[in-house]
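See below for the structure under consideration.
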Amino acid sequence: MNKRAQSRSAARLAAVQALYQHEMEGTPVAQLIHEFHQHRIGAVIEDAAYAEADVPFFDDIVKGTLARREEIDAAITARLASGWTMERLDRTMKAILRAGTYELLARGDVPVGAVVSEYVDVAKAFFVGRESGFANGLLDAIGKDVRGTGT
2 MNKRAQSRSA ARLAAVQALY QHEMEGTPVA QLIHEFHQHR IGAVIEDAAY
52 AEADVPFFDD IVKGTLARRE EIDAAITARL ASGWTMERLD RTMKAILRAG
102 TYELLARGDV PVGAVVSEYV DVAKAFFVGR ESGFANGLLD AIGKDVRGTG
152 T
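Counting from 2, one number per residue, gives the positions in the sequence shown under my numbering.
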């Protein structure tokens, strides 16, 4: 994986963490972004080095996802199985799906397959079960909905 791809992968992982934190604590966006710039991205925490992230890309995902949350949640909800709601989703999964859906909606420069693959990898970082397959199916379907093409 080249350096740009690695820095974008790190940005996606950090963005999911930031969105999760926002969901849990309601941290204001400017404070959240600042905190991640200062203390998380590229930092070493408890002996774990956080990879250097593409900071403008991170900022775009976090700010864009929060700004377009209603539209994003509607796109996700449209693809959830009958009886499922956003409220039923695990908060980490919600953050993964929201960030991925934002990229599918707003980042036409990133191919659908790359978005889906990247967020499946993020899901694998947090979950060991079928969740990565769930994220794959949902994001692929949303990719078809918003771009007319899937992976």
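Glycine is no exception: its CB is placed at the ideal position from the N, C-alpha and C atoms.
Per the Cβ contact rule, the segment 54-73 is not in contact with the segment 121-133 (fewer than 3 Cβ pairs under 8 angstroms). By the beta-carbon neighbour count (other beta carbons within 10 angstroms, threshold 16), Arg89 is exposed. The C-alpha of Asn137 is placed about 10 angstroms away from the C-alpha of Asp122. Distance from the CA of Val111 to the CA of Asn3, rounded to the nearest whole angstrom, comes to 15 angstroms. Relative to Ala68, the option among Thr102, Ile42, Thr93 whose CA is nearest is Thr102.
When C-beta atoms of the segment 32-40 are compared with those of the segment 68-77, fewer than three pairs fall below 8 angstroms, so the two segments do not count as touching. Nearest Cα to His40 within the set Leu139, Ala15, Asp141, Val113: Ala15. Annotated three-state conformation of Arg108 is coil, per DSSP. Approximately 16 angstroms separates the beta-carbon atoms of Ala107 and Gly149; this is outside 8 angstroms, ruling out the contact. In the structure shown, Thr78 adopts helical secondary structure according to DSSP, grouped into three states.
Distance from Leu20 to Ala100 at the Cβ level is roughly 6 angstroms; contact confirmed, criterion being Cβ atoms closer than 8 angstroms.
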